[in-house]
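Asks: Protein chains in written order, with the numbering used here: chain A, 1 to 130; chain B, 1001 to 1130; chain C, 2001 to 2383; chain D, 3001 to 3383.
Once you've had a glance at the structure underneath, I'll fire off some questions.
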Ligand SMILES: [Zn+2]
Ligand SMILES: [Zn+2]
């Protein structure tokens, strides 16, 4: 997941790309070329996307098809304020606090990694009303 | 390797097949159909092939591409007295005693199998002059 | 200039054969395949030596499976090719066989779909373009999100979505080749183990083993080999597309399906409303609703309602997934798309027995392969 | 009636591209493939949007690799299909692209060969037909037996067989896309680690990674897109066959090759003696000798002697494996057969630089895939 976001509190930005050929803004970034116009990677410039958006849909998965995934987990489709619609994992693993239309934001979460260490992964959480 | 030969000293016979459709004699046997005429398996009848023939070519392999194969081993192309040309493993793993044209015969050899047991595998060996 | 299929000589499905789709067993892939192929040859009434080329749609068997199987039909020297397009592998095999016959490269061509369950390695996971969800976005989570979005957008309930599975299990209960032949009730479907969001286990297709075979032939070959013209089924169009860039938030598989269906209908010269039987890629219940609407046979958001009133039943306005679809007929990957063609041909011949859709004259088969690609065939009954 | 390729509209190779064949590296398969495809597009002078269909020959990448790569060229919606025929996967991709253009289904089609080393699972090992040798008959043991038989039959020495590798390393030393670019001496080849029988390590092809791309187009497309006619190379025949039953003791690959070469020459209307450049499937040194004789350009048993006197060198009677062949150019599986077409096209254009065979007008590419299948293409220079 490293390389997909820019650290920075409170809401890490997503590392999007903008194509100098056709103007498409896309996430996740890729090192190859523009999916819309075929421009080479050199024409894809970094374009941070604010870590804020709204839930379009969300589901809680209770069945794991791989041993390395612990259930339940909740994945949402999120329309970013900056345009793209992405999918992300929510901090609320049961989804009980969530509703479609909710404003959400990025947050970094510590997760156990190999050999007792931890790494920081990007999740979305419900945004508290200011 | 079970199913490929008929036990019986001194030279186990090979379990060949003869096609009632086209007369082709083939080894190894298959449960599906005749490669020459397409007759179904029901038309492939057992046809034992005497475990005797002559070496057409042979090579000693000194490089293993799998951990479960120990080198050196020697494989020969053998023209069976009963017609088919087959490939088999020779008892002489270095091939030093062999020459093309040698008369050879089948022999069962004990081989270490799982958990300390042994199984009997078919090899060919040079036939001693009577 | 590129030319559509109808500008070429006619291509007909002349033989169909299946090995039942079923859970993994000790049966070798060779036995599965030969069963289907021999049935198709018997159905057509032709010998293996009359077949000019073979395409095998398979995704999981490993390298070079086909000749080790086909040789047992009498090794004739014919060209053999494996094709892979994920879930659309079998449909692609059919398409390649159809193109060969249409163009005159072959007079008779064989399409096989064949697989046994094995660990699936998705090449694109090594493409070096990770996203935020990766393995968390398993197929069932992906389609559950589409279901959640659809239900929310149109005020449809989870029960209405599950009715897709109810109908398809009912169809498959009359299909001896189906993986799931038991007709589950709506209550059973809804009460089964939950998988993701609104999707329960019985709204997710089973992946087992099986085989399907289709023989296609030219008019020349039908005449020369004395095949039945009345039982032949004409292939009107064969269309393959891959995903483009769609509007943010649009489901790529649905948009790709919409495009491919429209192109295939245009190439066949048929209106979607004229279709009598349709086999859709219903890997998950929600997909059938999305694709029915993408076909244009009902307005957006109304598929669930029309399904509930029986429009998509056998005997209804248009029979959708009369075989039972992926949900009940099963989805052994390679065989699935070839099996769809077998079902459509059977329906258009009027030989579908207890699951016959009355008066079926025009049929469509649709598969999506992860990646994504989409393959659609439209077939018509003999005149 | 079935029709050979020359009865259809002409098909031309208009663009070629390669990623170097090399040992396994961290480079993703996407990067390998895009490098080759972009080079082929630049070579042809056409945009991705002008390509009507794509076939990817691959055996080891896993499911659905192609769209995750091609999308980065601008997702155009084109039909995409993976094809697999073991070592002949790439050749088969070329063939499918050629058939589409010949028949008019496409005006421009792309054939890609693409692989990275991965464990090879041979489907036929699960066919349920074991023999007495199974894993002991690895490819190098199999070909060593053929070498032993050949040497014995014709009084040829191990040194004479090894000269195949010496020539091919010499050719590859001038090929920047080759896996092995060092020109090994005959002494080095013979003294290298012994593998099986007369075969040493340097007489066995290296299996690495790589990519190759070929773009084929119709006359229409060449005119419409303003491509270079002088640099286009005509595809005269495209022939695919599978193994039949041969006489006891005959090598099936050689007999299959003999049949396929003869059929391809007949379809192209050329005599084997007219060929200027040939790329053979020389996975092991002995194969080149067997296949040269199967082609009929020298009598049985005389290939080794004619090789020794330089007949098959670049500049000799017919240049065999000017790229370096599988032994030196390498054999990454999927890319190999596509890479052969790149080499033949380069030679027929007169663009092969230091390894140019003078006056090359007619070329042939040949691959065998385990199983066995054989695919042959014959190409000619522009008029
Ligand atoms: Zn762009
Ligand atoms: Zn027979």
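Every residue, glycine too, gets a C-beta built ideally from N, C-alpha and C.
Model, not experiment: these values are computed from the prediction.
Residues of the stretch 2054 to 2075 of chain C with a CB closer than 7 Å to any CB of chain B: list them in chain order, please.
Replies: Result list: 2071, 2072, 2073, 2074 and 2075.
Asks: Within the same chain, show all residues whose beta-carbon is closer than 8 Å to that of residue 3224 of chain D, passing over the 5 residues directly before and after it, in chain order.
Replies: So the qualifying residues of the chain are 3107.
Asks: Cβ-heavy atom distance between residue 24 of chain A and ligand 1 below 7 Å?
Replies: Correct: residue 24 of chain A has its Cβ closer than 7 Å to ligand 1.
Asks: Are there 16 or more other CB atoms within 10 angstroms of the CB of residue 2172 of chain C, so buried, or fewer, so exposed?
Replies: It is buried - the Cβ of residue 2172 of chain C has at least 16 other Cβ atoms within 10 Å.
Asks: Using a cut-off of 9 Å between C-beta atoms, extract the partners of residue 1134 of chain B located in chain D.
Replies: Since the first residue shown for chain B is 1001 and the last is 1130, residue 1134 of chain B is missing from the structure and cannot be characterised.
Asks: Closer than 8 Å by beta-carbon distance: list the chain C residues that pair up with residue 1034 of chain B, in chain order.
Replies: Correct list: 2072 and 2074.
Asks: Residues in its own chain within less than 8 Å of residue 3339 of chain D by CB, not counting five upstream and five downstream?
Replies: Contacts found: 3018, 3021, 3090, 3113, 3177, 3210, 3212, 3323 and 3329.
Asks: Within the same chain, show all residues whose beta-carbon is closer than 7 Å to that of residue 2059 of chain C, passing over the 5 residues directly before and after it, in chain order.
Replies: Cβ within range, chain order: 2084, 2086, 2089, 2115, 2333 and 2334.
Asks: Check the DSSP bridge columns for residue 3200 of chain D and list the partner residues they point to.
Replies: Per DSSP, D:3194.
Asks: Measuring alpha carbon to alpha carbon, tell me which of B:1032, B:1057 and B:1025 ends up nearest residue 3251 of chain D.
Replies: Here the closest residue by C-alpha is B:1057.
Asks: Starting from residue 3148 of chain D and walking both ways along the alpha helix (DSSP H), at which residues does that stretch end?
Replies: Taken as a continuous stretch (DSSP letters only), the alpha helix (DSSP H) holding residue 3148 of chain D covers 3139 to 3154.
Asks: Could you tell me the distance, in whole angstroms, from the CA atom of residue 2129 of chain C to the CA atom of residue 9 of chain A?
Replies: Whole-angstrom Cα-Cα distance: 25 Å.
Asks: Give a yes or no on whether the C-beta atoms belonging to residue 3294 of chain D and residue 3336 of chain D are separated by under 8 Å.
Replies: Not a contact, by the Cβ cut-off of 8 Å.
Asks: Which of the residues in the stretch 3302 to 3330 of chain D, read from start to end, lie with their CB under 9 Å from any CB of chain A?
Replies: Cβ contacts with chain A: none found.
Asks: Kindly indicate which residue of D:3035, D:3067, D:3014 and D:3049 has the alpha-carbon position closest to the one of residue 3043 of chain D.
Replies: Nearest C-alpha to residue 3043 of chain D: D:3014.
Asks: Which residue comes first and which comes last in the alpha helix (DSSP H) that contains residue 33 of chain A?
Replies: Residue 33 of chain A -> no alpha helix (DSSP H), and no H or E assigned at all.
Asks: Could you spell out where the beta strand (DSSP E) holding residue 2056 of chain C opens and where it closes?
Replies: Start and end: 2053 to 2057.
Asks: Where does residue 2090 of chain C fall in DSSP's three states?
Replies: Three-state DSSP puts residue 2090 of chain C in a helix.
Asks: Tell me the residue span of the beta strand (DSSP E) that contains residue 105 of chain A.
Replies: Looking at the DSSP string, the run of the beta strand (DSSP E) that includes residue 105 of chain A is 103 to 112.
Asks: Determine, using beta carbons only, whether residue 1021 of chain B and residue 1039 of chain B come nearer to each other than 8 Å.
Replies: Yes, the Cβ-Cβ distance between residue 1021 of chain B and residue 1039 of chain B is below 8 Å.
Asks: What do you reckon, is the C-beta of residue 39 of chain A under 7 Å from a heavy atom of ligand 3?
Replies: Ligand 3 is absent from the structure shown, which contains only ligand 1 and ligand 2.
Asks: Could you tell me which of B:1092, B:1115 and B:1059 sits nearest to residue 1127 of chain B, measuring between CA atoms?
Replies: Selected option, being the one with the closest Cα: B:1092.
Asks: Could you tell me which of D:3280, D:3354, D:3245 and D:3030 sits nearest to residue 1034 of chain B, measuring between CA atoms?
Replies: The shortest C-alpha separation from residue 1034 of chain B is found at D:3245.
Asks: If the criterion is Cβ atoms closer than 8 Å, does the pair residue 2216 of chain C and residue 2275 of chain C meet it?
Replies: No, the pair does not count as a contact, with Cβ atoms beyond the cut-off.
Asks: Which same chain residues end up closer than 6 Å to residue 69 of chain A when comparing Cβ atoms and leaving out the 5 residues on each side of it in sequence?
Replies: None.
Asks: Name, please, each residue of chain G whose Cβ falls closer than 9 Å to the Cβ of residue 2133 of chain C.
Replies: No chain G is present in this structure, whose protein chains are A, B, C and D.
Asks: Is residue 1036 of chain B a contact residue of ligand 2, with contact defined as CB to any heavy atom under 7 Å?
Replies: Yes, since a heavy atom of ligand 2 falls inside the 7 Å radius drawn around the Cβ of residue 1036 of chain B.
Asks: Considering just the uninterrupted stretch of the beta strand (DSSP E) at residue 2041 of chain C, what are its terminal residues?
Replies: That residue, residue 2041 of chain C, is in no beta strand (DSSP E); its alpha helix (DSSP H) goes 2029 to 2044.
Asks: Check each candidate in C:2233, C:2028, C:2228 and C:2260 and name the one with the smallest Cα separation from residue 2241 of chain C.
Replies: Comparing Cα-Cα distances from residue 2241 of chain C to each of C:2233, C:2028, C:2228 and C:2260, the minimum goes to C:2260.
Asks: Go ahead and label residue 3092 of chain D buried or exposed: buried means 16 or more other beta carbons lie within 10 angstroms of its beta carbon, across all protein chains shown.
Replies: Flag for residue 3092 of chain D reads buried.
Asks: Please report the distance separating the alpha-carbon of residue 3026 of chain D from that of residue 106 of chain A.
Replies: Distance between the alpha carbons of residue 3026 of chain D and residue 106 of chain A: 31 Å.
Asks: I'd like the span of the beta strand (DSSP E) that includes residue 1048 of chain B, first residue to last.
Replies: It spans 1044 to 1049 - the beta strand (DSSP E) in which residue 1048 of chain B sits, taken as one unbroken run.
Asks: Would residue 2012 of chain C and residue 3068 of chain D qualify as a contact pair, given that the criterion is a beta-carbon distance under 8 Å?
Replies: No; because the gap between Cβ atoms is not below 8 Å, this pair is not in contact.
Asks: Is the distance from the Cβ of residue 1075 of chain B to the Cβ of residue 3214 of chain D below 8 Å?
Replies: Against a cut-off of 8 Å, the Cβ pair of residue 3214 of chain D and residue 1075 of chain B comes out as no contact.
Asks: With 8 Å set as the bound, which would you pick, yes or no: does the beta-carbon of residue 38 of chain A sit closer than that to a beta-carbon of chain D?
Replies: Answer yes: the Cβ-Cβ gap between residue 38 of chain A and chain D drops below 8 Å somewhere.
Asks: Answer yes or no: does any C-beta atom of chain A fall closer than 8 Å to that of residue 3034 of chain D?
Replies: Residue 3034 of chain D counts as touching chain A.
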